[in-house]
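Heads up: the structure comes next, in structure tokens.
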Amino acid sequence: MNDNVQPDRRPPRFPAFGIALLVTLLLLILIVIGSRGLRDFDSALIGYAVATVFTVAALAYRYTLWISRPPTWRYFRAGWANFFSLRNFSRYSLLIPKAWWTDILAQTFILKRGLWRWIMHMSIFWGVILSLAITLPLTFGWLRFTLIPPDQYLAWFFGLPMLRFPIEAGTGFAIYHALDFTAALLIIGVVIALWRRITDAGLLIVQRFSFDLVPLVLLIAIAVTGLALTASSMWWEGKFYWFISLTHQITVVLWLLSIPFGKFFHIIQRPASIGVTLYQTINQDIEHYGEHTHNNATTEGGQCERCGQELPSEQFIHDLKGVLNDLGQQYQLGEGLGSLHDYCPTCKRVLRGSAYYHLMGKRFL
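Under our numbering, the first residue of the sequence shown carries the number 648, and numbering increases by one thereafter.
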């Protein structure tokens, strides 16, 4: 194995502010186009729209900084390279859909940790995703409804007619109460999460109020005030509607602005795990089958320089050395000994112990 493996190139220093500005301008252009020159934009929702634009800008800024970090960029780039490889596609064509299901959509990996924990994650995840999928198009003026006398509505999206449905039928009821269903789903998940956080001793020790609890409190406040708006319209003859709507808007804005800097930023990061899953699977196969195409050459998993035990694939070792080199960390052991990463974990401990003994002599014992 080559002792002087160098990274292909250092991670690029993306202009995070510039990319955030570009993404924001693109969103504003889509808002104008999708609302037909703001003709379908509801001025009553401007507070939600402004908060969403700021949130998108902050998300783009922080995501760019995150993806530019040496470890993230190297494995992110390797994941995409594996994804677009024709050889990998033929071997792992079902891996990506499976990973989307197990890691994102169904999150079955959490089910292995406990049923209630899985129900909590799924309720919060889908409650948030479905709520955003409904409210963002409404907020931006992309989605609107017009009355077709005497008893039907027509749904428009980006100025195009999409769905015609009767007001009183089940379809109309489901569409106009979709946010109530997602609010109920959120309440289920958040109640379980809060219960765990006040009863689990392990969580009580490490949790932080602003990072772990505040986002959950904001979510349940959003869900409860959203349901209260429906109750005010249907049963309370509009009483307290203005106060409830203002409270609801404030909590939504606060939650949106907290996403780039808080716990829920991992929702944005999570899809990157698909590339990690592909990278790990390919490298595990290299360990088992001993060969793989990397940089248009056939490479094999290496062996420990001391005991000959099989090491992870050369691509993994290459990327690990590259990341450490990007971070300014060198682990060369001297002439003839190679790098610390050319040894298995057991031999690393042996080498470390030998070095301590050579330095300290009998005092080491």
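Ideal placement from N, C-alpha and C gives every residue a C-beta, glycine not left out.
- Message: One question on the structure: do Thr699 and Thr793 come within less than 9 Å of each other, judged by their Cβ atoms?
- Response: Here residue 699 refers to the residue found at position 52 when the sequence shown is read from its first residue. Here residue 793 refers to the residue found at position 146 when the sequence shown is read from its first residue. Not a contact, by the Cβ cut-off of 9 Å.
- Do Leu921 and Trp747 have their C-beta atoms closer together than 9 Å? In the sequence shown, residue 921 corresponds to position 274, counting from 1. In the sequence shown, residue 747 corresponds to position 100, counting from 1. It is Ile, not Leu, that sits at residue 921 in the sequence shown. Yes, Cβ-Cβ distance for Ile921 and Trp747 is below 9 Å.
- Message: By alpha-carbon positions, which one of Leu980, Thr924, Gln950, Phe828 ends up nearest to Leu742?
- Response: Reading the sequence shown from its first residue, position 95 is the one you call residue 742. Ranking Leu980, Thr924, Gln950, Phe828 by Cα distance to Leu742 puts Thr924 first.
- Starting from Leu810, follow the beta strand (DSSP E) in both directions and report where the run begins and ends. Position 163 of the sequence shown, counting from 1, holds the residue named residue 810. 807-813 is the span of the beta strand (DSSP E), which, as asked, contains Leu810.
- Item | Beta-ladder partner(s) of Leu801, from DSSP | On the sequence shown, position 154 is the one that residue 801 refers to. Answer is Thr793, Arg811.
- To the nearest angstrom, report how far apart Leu669 and Tyr710 are at their CA atoms. For this step, residue 669 is matched to residue 22 along the sequence shown. For this step, residue 710 is matched to residue 63 along the sequence shown. If I take the Cα positions, the gap works out to 14 Å.
- Item | Neighbour-count burial assignment, His939, 16 or more Cβ in a 10 Å radius | By one-based count along the sequence shown, residue 939 stands at place 292. With a pLDDT of only 46 at His939, under 50, the local geometry of the prediction cannot be trusted, and no value is derived from it.
- Item | Residue range of the unbroken alpha helix (DSSP H) whose run includes Gln916 | For this step, residue 916 is matched to residue 269 along the sequence shown. Element bounds for Gln916: 912-916.
- Check whether the Cβ atoms of Gly681 and Gly774 sit closer than 9 Å, and answer yes or no. What you label residue 681 is simply residue 34 of the sequence shown in a count that begins at 1. What you label residue 774 is simply residue 127 of the sequence shown in a count that begins at 1. No. Outside cutoff.
- Going by CA-CA distance only, name the one from Trp763, Ile795, Arg734, Gly985 that's closest to Val837. Mapped onto the sequence shown, residue 837 falls at position 190. Looking at the Cα atoms, Trp763 is the closest of the given residues.
- Task: Kindly list the residues whose CB is nearer than 8 Å to the CB of Ala825, restricted to its own chain and excluding five residues on each side of it in sequence; keep chain order.
- Result: One-based indexing of the sequence shown puts residue 825 at position 178. Contacts found: Leu777, Ile781.
- Query: In or out: Arg721 buried (at least 16 other Cβ within 10 Å) or exposed?
  - Reply: Here residue 721 is taken as the residue at index 74 of the sequence shown, counted from 1. That one is buried.
- Query: For Phe812 versus Gln799, is the C-beta spacing smaller than 9 Å?
  - Reply: Sequence index remark: in the sequence shown, residue 812 carries index 165 (1-based). Sequence index remark: in the sequence shown, residue 799 carries index 152 (1-based). Yes, the Cβ-Cβ distance between Phe812 and Gln799 is below 9 Å.
- Message: Rounding to the nearest angstrom, what Cα-Cα distance links Gly1000 and Leu1006 in this structure?
- Response: The count along the sequence shown starts at 1 and reaches residue 1000 at position 353. The count along the sequence shown starts at 1 and reaches residue 1006 at position 359. Distance between the alpha carbons of Gly1000 and Leu1006: 10 Å.
- Provide the residue span of the alpha helix (DSSP H) that contains Lys745, from first to last. Against the sequence shown, residue 745 aligns to sequence position 98. 742-746 is the span of the alpha helix (DSSP H), which, as asked, contains Lys745.
- Query: Is the region 686-701 close to the region 894-904, with three or more CB pairs under 8 Å?
  - Reply: yes
- CB contact flag (Pro907, Thr702, <9 Å): Working through the sequence shown from its first residue, we reach residue 907 at position 260. Working through the sequence shown from its first residue, we reach residue 702 at position 55. Going by C-beta atoms, Pro907 is nearer than 9 Å to Thr702.
- Message: I'd like to know whether the C-beta atoms of Trp803 and Asp687 end up nearer to each other than 9 Å.
- Response: Position 156 of the sequence shown, counted from the first residue, corresponds to residue 803. Position 40 of the sequence shown, counted from the first residue, corresponds to residue 687. Yes; because the gap between Cβ atoms is below 9 Å, this pair is in contact.
- Query: Looking at the unbroken alpha helix (DSSP H) that takes in Gly836, where does it start and where does it end?
  - Reply: Along the sequence shown, one-based indexing puts residue 836 at 189. First-last of the alpha helix (DSSP H) with Gly836: 825-846.
- Query: By Cβ distance below 7 Å, which residues in the same chain neighbour Ile618 in space, the five residues on each side in sequence not counted?
  - Reply: Residue 618 is absent from the model: the chain starts at 648 and stops at 1012.
- Message: For the pair the region 861-881 and the region 826-846, tell me if three or more CB-CB distances fall below 8 Å.
- Response: yes
- Task: Helix, strand or coil for Ser892, going by three-state DSSP, please let me know.
- Result: One-based indexing of the sequence shown puts residue 892 at position 245. In the structure shown, Ser892 sits in a helix (DSSP, three-state: H, G or I).
- Message: Here's a check: name, in chain order, each residue in its chain whose Cβ is nearer than 6 Å to the Cβ of Ile771, leaving out the five neighbours to either side.
- Response: Indexing the sequence shown from 1 puts residue 771 at position 124. Answer for Ile771: Gly836, listed in chain order.
- Query: Which residue's Cα is closest to the Cα of Phe911: Lys995, Val864, Trp883, Leu733?
  - Reply: Along the sequence shown, read from residue 1 onward, the residue named residue 911 stands at position 264. When only C-alpha atoms are compared, the closest one is Val864.
- Item | Integer Cβ distance of Met767 from Ala840, believed to fall under 8 Å | As a first step, residue 767 must be located in the sequence shown, where it is residue number 120. As a first step, residue 840 must be located in the sequence shown, where it is residue number 193. Contact holds; Cβ gap of about 5 Å.
- Strand pairing of His952, partner residues [DSSP]: What you label residue 952 is simply residue 305 of the sequence shown in a count that begins at 1. Reading off the sequence, residue 952 comes out as Glu, not His. In the DSSP output, where bridge partners are listed per residue, Glu952 has none listed.
- Under a three-way DSSP split, which group does His941 fall into? By one-based count along the sequence shown, residue 941 stands at place 294. Note on His941: pLDDT 44, under 50, position unreliable in the model; the coordinate value appears next. Strand.
- Message: Let me check one thing: in DSSP terms, what residues is Gln979 bridge-paired to?
- Response: Locating residue 979 in the sequence shown gives position 332, counting from the first residue. Partner(s): Ser986.
- Task: Mind checking which residues open and close the alpha helix (DSSP H) that includes Ile610?
- Result: Any question about residue 610 goes unanswered here, given that the chain covers just 648 to 1012.
- Task: Classify His913 as buried or exposed, calling it buried when 16 or more other Cβ atoms lie within 10 Å of its own Cβ.
- Result: Residue mapping note: residue 913 aligns to position 266 of the sequence shown, counting from 1. Flag for His913 reads exposed.
- Item | Gly981 to Pro717 span [Cα, whole Å] | The sequence position of residue 981 within the sequence shown is 334, counting from 1. The sequence position of residue 717 within the sequence shown is 70, counting from 1. Those two C-alpha atoms are separated by around 25 Å.
- Buried or exposed: Leu789, going by 16 or more other Cβ atoms within 10 Å of its Cβ? Numbered from 1 along the sequence shown, position 142 holds the residue referred to as residue 789. The sequence shown places Trp at residue 789, rather than the Leu named in the question. When all chains shown are included, Trp789 counts as buried.
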